[in-house]
Structures are given as structure tokens and as C-alpha cells.
Amino acid sequence: MSEELKIKSVFREYTVEFTSDYLSALKGLATEGDFFIVDRVIAELHPEILEIAGEQVWLLDSMESAKSYEGVIPLFERLIEGGFRKNHRLFAFGGGITQDVTAYIASLLYRGIDWFFFPTNMLTQCDSCIGSKTSINFRQYKNMLGGFYPPAGIVIDTGFVKSLGDREIASGLGEMLHYMMVQSEEDLALFMAEAPALRAGEGRLEVLMHRSLAIKKAMIEIDEFDKGPRCVFNYGHSFGHALESAVGYALPHGIAVAYGIDLANLVSESFGLISMEDRNRYRKACEIVFDGHPVPEVNIDKYLSAIRKDKKNVGTQLGLILTRGAGDMFKRLSDLDGRLETLIAKFFADKLYMKDL
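Residue numbers (the working numbering): 721 to 1077.
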């Protein structure tokens, strides 16, 4: 039996279906003329998708170059020249890159066509599959082109992710931790109770996944276009994105976010917003995520350069999401002064993420 979560969007109401039989869901949705955009690795692991798609398929290599302005042009050409019409739909199977490419094309082609998303990794299943955001890269500039365009429907089958390696599991947990921290102490306690078993290859993935999506659903139905309160979901992300950039994306996104959460908490403690005891308690939650996945050597100049370019900044000030405790996040504009630079440098040089204060 499948479960559903309904999302109210400015564009349409759409449904997230949770199932253990994605193939039956697909057969009930796909019709003649529909086109499939499938991550090449997923196609190799699940050839049954290609049997349904037939010749109406594009195999996507999950690389940043694929979700670029230049990278999507051949796919536009294939669709337009291959007889794809406005009444046809797109079906996407893959992770975040597949999602971005499909949503971007669906939002522009014929001024908007329906698309369905079958997310196949933890980050997309627990987070990005809802919320409407889509973006592609322009030359060397990441995520510069895009907008908001939700799918007509989402089908989540956790069977896709239960065979993932530890890095992917930990990365998904990092994104779920950030939702639990943003929401409440009770949700943080739920994470602390459920996440260790998942790192051990066991546990109840659906419990944390459903809760993460429910938290995000409540926010995006208030602020779908990220103009106000949704900004708190950037908690851990400004610091995490800068870390990803500084280490050449050697860390998966969700693990970098967990380090970013701990750094945001350390900064919050330095400003007197939370106690040392709370920062140390929250660090233990972060450690569930990044244990076994150490930070590569960080070039601090690259890190500071990256955080200065964060898209949430206002003028020359950093747009940081800090915390007064679990469930109480807020945006603070801060200068990247000597005090903050020193704290960031010390965080990485002295490995403060491994230590209580």
C-alpha cells in the first residue's frame, strides 16, 4: 500500500507518493508520446525503466556539465525535432542533476509542460524533490539560471536508496538533520534516536524521510518563492557550500552541510546566542553524520573567498542563518571581520568539529 503527501503550490497541487513498487506507479502514469530522462547509472541498474521508455529516452551523465546552459541544448533539440508536443510529459529518474535538467526544460518548453519525478538518491528523496526550485549552471557560474517549477507528481521508492554506500547515506542524513534542527528540540531528539541505526545500515529510513518532507512542506506552502521565512532552511548551507568549494567538492553535499551546521552553531555560541553546552550537544548530532568522513585539507583563503560570494549575502555582508537553539533560527547580516575569519580558520585548523568546548 502506498502513502501520499499533498503539496499546495502556486502552480498546482501535486502529490508525493511513497511506494515499494515504483514500476506499477510508472505504468499507471506513462502514456504514448511521453519522454524519459534517466540517469545513466540508474538505467544500468534498472533496465526495466528503459523497457517502458522504448526509444523515447535520453540517458543523462550525472555531471555538472550536463546541467549547464550548453549541456541542455542537445536535449531541447532532441525533444523538438523528435516530435515531442505540449500534451506529452517528461519522466525523470535520477538525483539532483537529473531533477534540475528536467525541471528547467519542462518550465521553458512550449511555455511549460508537465513532468514527473522519480528521485533515486537520499538527498532528492528527503529534500529537493519538493519545493519547486530549479537551476542550471551558466559557464563557470553555478546555479545561475532557473526559477520555480514543481513536478506534476513525485514517486518515492526507498528501494532505490537502500543499496547506497555509506557516503550517500551520511549525506542524506546531513540534509535531514538540518530540517530537524530548524524545526524543534523534539525533532532533533527523533534524529538522534533514528540516525545511528541508519549509519549502521539498518533503521527506519522512512521515519526521518517523511518527517523531513513534512517540515519542508509546511514552510514552502507559506513561502514557496523563498522571499521570507524559508530563508531559515539555509541553516548550515552558507558555511557548507563554502566548504564544498574550498575542497573541490571532495565532500558530498549533506556531509558538508553537517560541518556547516556545527560551524554555524560555533559562531552562534561566540555571539552569545547559545550556550557551550548546547553547542556541544548539537555537535554530537552533527558527528553522527560526518563520523568517518573527515574534512580534507581546507585552503582557508579559498573558503573565505567562497563564502563572500554566497548568493544569500547582502552587499558586502554575509547573510548567515544563526541559532538561539533548535527550532529558533534567524538571519543575521554580519561583516566578515577579523574575529569571524579567525574563528572560521580555527574551526578547520584545530578541528573544532571533533571537540567539545
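Just so it is clear, CB atoms sit at the ideal spot from N, CA and C, and this is done for glycine as well.
Opposite residue i in the DSSP bridges: which residues?
{"i": "I876", "result": "F738"}
{"i": "F838", "result": "F813"}
{"i": "D759", "result": "L780"}
{"i": "V1034", "result": "Q1037"}
{"i": "E733", "result": "K728"}
Can you name the start and end residues of the beta strand (DSSP E) that residue i belongs to?
{"i": "V792", "result": "Note, V792: premise wrong, no beta strand (DSSP E); alpha helix (DSSP H) at 789-801."}
{"i": "K1051", "result": "1049-1054"}
{"i": "D1070", "result": "Looking at the DSSP string, D1070 is not in any beta strand (DSSP E), and its letter there is neither H nor E."}
{"i": "L865", "result": "861-868"}
{"i": "L725", "result": "723-728"}
{"i": "L1040", "result": "1038-1043"}
{"i": "K853", "result": "853-858"}
Ends of the alpha helix (DSSP H) at residue i?
{"i": "M996", "result": "996-1010"}
{"i": "V902", "result": "886-903"}
{"i": "V977", "result": "973-990"}
{"i": "D1021", "result": "1020-1028"}
Mark residue i as exposed unless 16 or more other C-beta atoms lie within 10 angstroms of its C-beta, in which case mark it buried.
{"i": "D1055", "result": "exposed"}
{"i": "G762", "result": "In the sequence as presented, Gly is not what sits at residue 762; that position holds Ile. Classification of I762: buried, given that the 10 Å Cβ count is 16 or more."}
{"i": "P949", "result": "exposed"}
{"i": "D820", "result": "buried"}
{"i": "D877", "result": "buried"}
{"i": "P839", "result": "buried"}
{"i": "N807", "result": "exposed"}
{"i": "R859", "result": "exposed"}
{"i": "M901", "result": "buried"}
{"i": "Q1037", "result": "exposed"}
{"i": "Y1023", "result": "buried"}
{"i": "M939", "result": "buried"}
{"i": "A962", "result": "buried"}
{"i": "P1014", "result": "exposed"}
{"i": "S740", "result": "exposed"}
{"i": "D1057", "result": "exposed"}
{"i": "I1008", "result": "buried"}
{"i": "A786", "result": "buried"}
Spatial neighbours of residue i within its chain, please: CB distance less than 7 Å, with the 5 preceding and 5 following residues excluded, ordered by chain position.
{"i": "E944", "result": "S729, V730, S852, F868"}
{"i": "V792", "result": "V821, Y824, I825, I856"}
{"i": "A970", "result": "P1016"}
{"i": "L743", "result": "E768"}
{"i": "K1071", "result": "none"}
Excluding the five sequence neighbours on either side, which residues of its own chain have a C-beta within less than 6 Å of the C-beta of residue i, listed in chain order?
{"i": "S932", "result": "C846, M896, Y899"}
{"i": "D1020", "result": "In the sequence on display, residue 1020 carries Ile and not Asp. The residues are A1065."}
{"i": "L983", "result": "F959, F1067"}
{"i": "Y1002", "result": "N985"}
{"i": "K1029", "result": "none"}
Excluding five sequence neighbours on each side, which residues of the same chain lie with their C-beta closer than 8 Å to the C-beta of residue i?
{"i": "M721", "result": "Low local confidence applies: a pLDDT of 47 at M721 is under 50, so the model's placement there is unreliable, and no value is given."}
{"i": "G832", "result": "A826, Y869"}
{"i": "G815", "result": "D759, S782, P839, T840, N841, L843, T844"}
Residue i CB to nearest chain B CB: under 8 Å?
{"i": "K937", "result": "Absent here is chain B; the protein component of the structure consists of one chain."}
Output the residue ranges of the alpha helix (DSSP H) runs that lie fully inside the segment 763-789 and measure 4 residues or longer, sorted by chain position. 767-773
Can you check the segment 801-836 for any alpha helix (DSSP H) of at least 4 residues that lies completely inside it and give the ranges in chain order? 816-828
3 or more residues per run - each beta strand (DSSP E) lying fully within the segment 925-960: none
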